[in-house]
Amino acid sequence: MVWRTIACMAAEPSARDDELFDQFLADNGHETTPVRWERSYNKLQCPDCGALHDESAADCSVCGWDPAA
Numbered sequence: 009m010v011w012r013t014i015a016c017m018a019a020e021p022s023a024r025d026d027e028l029f030d031q032f033l034a035d036n037g038h039e040t041t042p043v044r045w046e047r048s049y050n051k052l053q054c055p056d057c058g059a060l061h062d063e064s065a066a067d068c069s070v071c072g073w074d075p076a077a
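For the sequence shown, this note's numbering begins at 9 and goes up steadily by one.
Here it is in structure tokens:
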């Protein structure tokens with residue numbers, strides 16, 4: 009048996025593709041906006057566990073949530 013593979017080039021994703029995917033997710037009940045720190049007075053509050061952190065916090069030291077992830 010002989011197998012032959014044909015290389016196919018995929019097109020680069022476009023902004024329109026992202027919009028369509030976000031719309032699909034939103035239509036099916038998924039959140040499409042990025043999750044960011046919440047604010048509680050002069051502190052940052054983790055949206056996952058509610059822990060309070062200083063303004064300089066890069067991630068949650070309680071549950072490990074990272075806004076960049």
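Beta carbons: idealized from backbone N, C-alpha and C, even for Gly.
Predicted model, so just to flag it, every value in this text is computed and none were measured.
**Asked** Between TRP45 and TRP11, what straight-line distance do the alpha-carbon atoms span, to the nearest angstrom?
**Response** Position 37 of the sequence shown, counted from the start, is the residue given in the question as residue 45. Position 3 of the sequence shown, counted from the start, is the residue given in the question as residue 11. Spanning the alpha carbons of TRP45 and TRP11 requires a straight line of approximately 52 angstroms.
**Item:** SER69 versus ASP35, ARG24 and CYS57, residue with shortest Cα-Cα distance
**Value:** Position 61 of the sequence shown holds residue 69. Comparing Cα-Cα distances from SER69 to each of ASP35, ARG24 and CYS57, the minimum goes to CYS57.
**Prompt:** Residues in its own chain within less than 6 angstroms of GLN53 by CB, not counting five upstream and five downstream?
**Reply:** To locate residue 53, count along the sequence shown from 1; it is residue 45. Sequence-distant partners of GLN53 (beyond 5 residues in either direction) whose C-beta falls short of 6 angstroms from its own C-beta, in its chain, are GLU46 and LEU60.
**Request:** With DSSP as the reference, label GLU63 as helix, strand or coil.
**Result:** Residue 63 sits at position 55 when you count from the first residue of the sequence shown. In the displayed model, GLU63 falls within coil according to three-state DSSP, outside both helix and strand.
**Request:** Closer than 8 angstroms by C-beta to LEU63: which residues in its own chain qualify, once you throw out the five before and the five after it? Chain order, please.
**Result:** Taking the first residue of the sequence shown as position 1, residue 63 is located at position 55. Looking at the sequence provided, one finds Glu at residue 63 rather than Leu. Cβ neighbours of GLU63 beyond the five flanking positions: ASN50, LYS51 and LEU52.
**Prompt:** Which residue comes first and which comes last in the beta strand (DSSP E) that contains ARG47?
**Reply:** The sequence position of residue 47 within the sequence shown is 39, counting from 1. Under the DSSP assignment, ARG47 falls in the beta strand (DSSP E) whose first and last residues are 46–48.
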